[in-house]
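Report on one structure; see the data block that follows.
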Amino acid sequence: MKRCARRPLYDVFLLFVAMFCVVLPILCHRLHYSIYYSQTLHMGGTDPFAYAMKVNDERKHLAQAALLSQSTRPSHILHDADAKAKLAIGIVTVNRQVYIREGSLYHPGYILQSVAAILREDPSKKTPLVICDVDLDPPSHSDAVLLSGIVPVRSRYLNETIAPPSEMTDVFKKEKEDYIYCLKQVLSFNSEFILMLQDDALATPGALDTLNHIIRTKIEKKYRGFELIDSNFTKTFFKLFTPTYMQNDFHTTKPRRIFVHLLELVGMGIVGGTIITLLHSRLRKISRSYALIRVFFLGSVACCGLAAWAVSRVHLMEWRRISKYFYIMFQADGCCMPAILYSRDTAINFLEYLETTRNSSIPIDLEMDELVEAHGYESFAVEPNLFSHIGMYSSIQSKINREFQHGFV
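Residue numbers for the sequence shown follow the numbering used here, beginning at 29 and rising by one.
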């Protein structure tokens with residue numbers, strides 16, 4: 029009898045050993061946010077910077093091939109500004125050339141990758157796309173010159189009288205002026221929604237289809253049961269990219285997000301524990317009391333909950349990419365704006381606010397946070413990310429971001 033009573037504890041012990049010493053190390057050694065991540069196994073002993081450059085080069089070559097085979101689309105080049113579009117897309121770009129360790133000049137080609145990813149999504153004929161070249165020397169931005177034969181490219185500084193380079197020494201002021209310029213260009217398309225991208229924001233497969241679904245079922249309307257009713261998301265920003273480290277378990281200052289993260293862990297523990305208990309009972313084929321089954325079930329729930337934490341929320345969220353119906357929206361943390369969706373009214377209000385603060389040296393994302401914190405605006409994040417951030421080289425800080433190199437792989 030005592031042996032029978034101890035059996036569930038023994039099985040739970042075996043489950044923990046198998047899970048944390050065998051299964052997870054095998055499955056998670058390439059997952060950066062997992063506690064089992066191994067840089068050596070992931071990158072094969074390659075220097076992280078060199079590995080990130082290799083991955084970027086592979087993406088760039090694929091993008092170049094796709095763009096060379098891309099036929100000119102009149103719907104994107106000759107768009108009627110008076111036509112009513114649901115979504116208009118603007119991409120802010122600047123020439124990025126990096127001197128690497130060997131002293132040679134490296135050309136990352138971020139804008140090529142971003143545009144190729146958008147065109148891969150086969151945007152609707154009513155979805156205008158414009159590239160805003162805000163480089164101080166537009167002819168030197170070879171990527172933008174190449175793309176001008178495929179999509180509309182508007183160069184802000186082509187006329188030097190607009191902004192002499194000597195007057196643009198404050199990079200954050202220039203960033204703000206450039207963003208204002210591009211936002212005005214996109215607003216000219218008279219669309220209901222505005223998608224503003226930085227040139228190093230890479231669309232994930234299916235991003236535009238998922239975004240249109242989110243606009244239709246979460247922003248314009250929302251589900252109440254199985255019925256769609258009108259929603260009220262005025263004065264709201266929608267972030268389509270959040271740094272992955274900020275999406276990890278409890279890495280947030282928002283109480284509601286912490287509560288939801290905790291519920292996710294508990295939910296994964298219960299679902300996983302239930303499945304394991306059912307399989308265990310079926311395979312063992314031993315008649316036991318409900319008390320013994322409950323002991324094993326509780327042990328399985330604890331095991332699966334801890335396993336979910338060990339894998340990390342960032343990686344577990346990937347299952348939601350199975351379908352656009354599984355994407356969720358959370359209250360967003362501050363920081364970063366590689367990909368932002370605005371309603372037309374919100375875009376106009378934000379534009380007016382930026383014009384009143386254009387002489388300040390505050391970064392744009394902090395200006396947005398100020399609106400959220402002090403002026404009654406809201407900010408939501410779509411999860412998992414619809415865009416990834418591939419810009420290892422920062423055009424604002426003019427340096428390579430080595431701290432988060434894994435995020436650009």
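C-beta: ideal position from N, C-alpha, C; glycine also.
Endpoints, the beta strand (DSSP E) within which residue i is located
{"i": "GLN444", "result": "Because the chain in this structure spans residues 29 to 437, residue 444 falls outside the shown range and cannot be described."}
{"i": "HIS279", "result": "Note, HIS279: premise wrong, no beta strand (DSSP E); not H, not E."}
{"i": "ILE222", "result": "219 to 226"}
{"i": "ASP161", "result": "157 to 161"}
{"i": "PHE266", "result": "264 to 267"}
{"i": "HIS57", "result": "Premise fails: HIS57 is in no beta strand (DSSP E) and is neither H nor E."}
{"i": "VAL120", "result": "113 to 121"}
{"i": "HIS417", "result": "415 to 417"}
Whole-angstrom distance between residue j and residue i, CA atom to CA atom
{"i": "SER103", "j": "ASP150", "result": "Bear in mind that a pLDDT of 46 at SER103, under 50, signals an unreliable position, so the model cannot answer this."}
{"i": "GLY419", "j": "PHE77", "result": "13 Å"}
{"i": "ARG312", "j": "MET71", "result": "41 Å"}
{"i": "GLY297", "j": "VAL323", "result": "14 Å"}
{"i": "ASP85", "j": "LEU164", "result": "25 Å"}
{"i": "PHE200", "j": "ALA235", "result": "29 Å"}
{"i": "GLY362", "j": "ILE392", "result": "11 Å"}
{"i": "TYR370", "j": "PHE44", "result": "47 Å"}
{"i": "THR22", "j": "SER388", "result": "Here the chain comprises residues numbered 29 to 437, so residue 22 is not present and cannot be evaluated."}
{"i": "LYS153", "j": "ARG87", "result": "26 Å"}
{"i": "SER309", "j": "ARG349", "result": "32 Å"}
{"i": "ILE54", "j": "SER66", "result": "11 Å"}
{"i": "THR374", "j": "ILE247", "result": "13 Å"}
{"i": "ILE321", "j": "ALA330", "result": "14 Å"}
{"i": "ARG372", "j": "HIS289", "result": "32 Å"}
{"i": "LEU37", "j": "SER62", "result": "27 Å"}
{"i": "GLU203", "j": "MET47", "result": "49 Å"}
{"i": "MET29", "j": "ALA80", "result": "Confidence in MET29 is poor, its pLDDT being 48 and thus under 50, which makes the residue's placement unreliable; the coordinate value appears in the next sentence. Approximately 59 Å between the Cα atoms of the pair."}
{"i": "SER407", "j": "PHE265", "result": "5 Å"}
{"i": "ARG341", "j": "LYS114", "result": "33 Å"}
{"i": "ARG148", "j": "ASP39", "result": "50 Å"}
{"i": "ILE208", "j": "TYR185", "result": "14 Å"}
{"i": "HIS339", "j": "ARG182", "result": "According to the sequence as given, residue 339 is Val; it is not His. The alpha-carbon atoms of VAL339 and ARG182 are separated by roughly 44 Å."}
{"i": "LEU106", "j": "GLU383", "result": "Reliability of the predicted coordinates at LEU106 is poor, the pLDDT of 46 falling under 50, and no value is obtained from them."}
{"i": "LEU291", "j": "GLN275", "result": "15 Å"}
{"i": "PRO167", "j": "GLN226", "result": "20 Å"}
{"i": "TRP337", "j": "PHE415", "result": "24 Å"}
{"i": "CYS5", "j": "ARG35", "result": "As displayed, the chain neither begins before 29 nor continues past 437, which places residue 5 out of reach and without an answer."}
{"i": "ILE304", "j": "ARG58", "result": "25 Å"}
Residue range of the unbroken alpha helix (DSSP H) whose run includes residue i
{"i": "GLY327", "result": "318 to 339"}
{"i": "TYR79", "result": "76 to 96"}
{"i": "MET296", "result": "283 to 312"}
{"i": "ARG182", "result": "Per DSSP, ARG182 belongs to no alpha helix (DSSP H); it is in the beta strand (DSSP E), 181 to 183."}
{"i": "SER170", "result": "170 to 175"}
{"i": "GLU406", "result": "Not the alpha helix (DSSP H): GLU406 falls in the beta strand (DSSP E), residues 406 to 411."}
{"i": "LYS204", "result": "199 to 215"}
{"i": "LEU394", "result": "392 to 402"}
{"i": "PHE261", "result": "First-last for PHE261: undefined, no H or E at that position."}
{"i": "TYR381", "result": "372 to 384"}
{"i": "LEU230", "result": "Counting along the chain, LEU230 falls outside any alpha helix (DSSP H), though it belongs to the beta strand (DSSP E) covering 229 to 231."}
{"i": "ASP237", "result": "235 to 242"}
{"i": "MET71", "result": "67 to 71"}
Environment of residue i [buried if 16+ CB atoms lie within 10 Å]
{"i": "GLN125", "result": "exposed"}
{"i": "THR281", "result": "exposed"}
{"i": "ASN123", "result": "buried"}
{"i": "GLY333", "result": "buried"}
{"i": "CYS56", "result": "buried"}
{"i": "PHE41", "result": "exposed"}
{"i": "LYS112", "result": "exposed"}
{"i": "THR68", "result": "exposed"}
{"i": "GLY318", "result": "The question names Gly, but residue 318 is Tyr in the sequence shown. Result: exposed."}
{"i": "SER423", "result": "buried"}
{"i": "ASP171", "result": "buried"}
{"i": "HIS169", "result": "buried"}
{"i": "TYR138", "result": "buried"}
{"i": "GLU380", "result": "exposed"}
{"i": "LYS82", "result": "exposed"}
{"i": "ALA145", "result": "buried"}
{"i": "ASP237", "result": "exposed"}
{"i": "GLY73", "result": "exposed"}
{"i": "PHE287", "result": "exposed"}
{"i": "GLY13", "result": "Residue 13 cannot be examined here, being either before or after the span of the chain that is shown, 29 to 437."}
Whole-Å CB distance - residue i paired with residue j, under 8 Å assumed
{"i": "ILE366", "j": "ASP228", "result": "Strictly speaking, residue 366 in this sequence is Pro, with Ile absent from that position. Between ASP228 and PRO366 the Cβ distance is about 7 Å, and since that is below 8 Å, they are a contact."}
{"i": "LYS212", "j": "ILE368", "result": "Between ILE368 and LYS212 the Cβ distance is about 15 Å, and since that is not below 8 Å, they are no contact."}
{"i": "GLY118", "j": "CYS49", "result": "So it is not a contact: roughly 50 Å between Cβ atoms."}
{"i": "LEU52", "j": "ALA335", "result": "6 Å"}
Any non-hydrogen atom of the ligand COA closer than 6 Å to residue i Cβ
{"i": "MET345", "result": "Of the ligands one can find in the structure shown there are none, so the ligand COA has no counterpart to examine."}
Review point. When the Cβ atoms of the stretch 342 to 355 are set against those of the stretch 408 to 416, are three or more pairs found closer than 8 Å?
Key: yes
Check your understanding: Touching or not, the stretch 223 to 242 and the stretch 352 to 363, by the rule of three or more beta carbon pairs under 8 Å?
Key -> yes
Exercise for review: Please confirm if the stretch 268 to 276 is in contact with the stretch 297 to 307, defined as three or more CB-CB distances below 8 Å between the two stretches.
Suggested key: no
Exercise for review: May I ask you to verify whether the stretch 388 to 403 touches the stretch 215 to 225, counting CB pairs closer than 8 Å and requiring at least 3?
Suggested key: no
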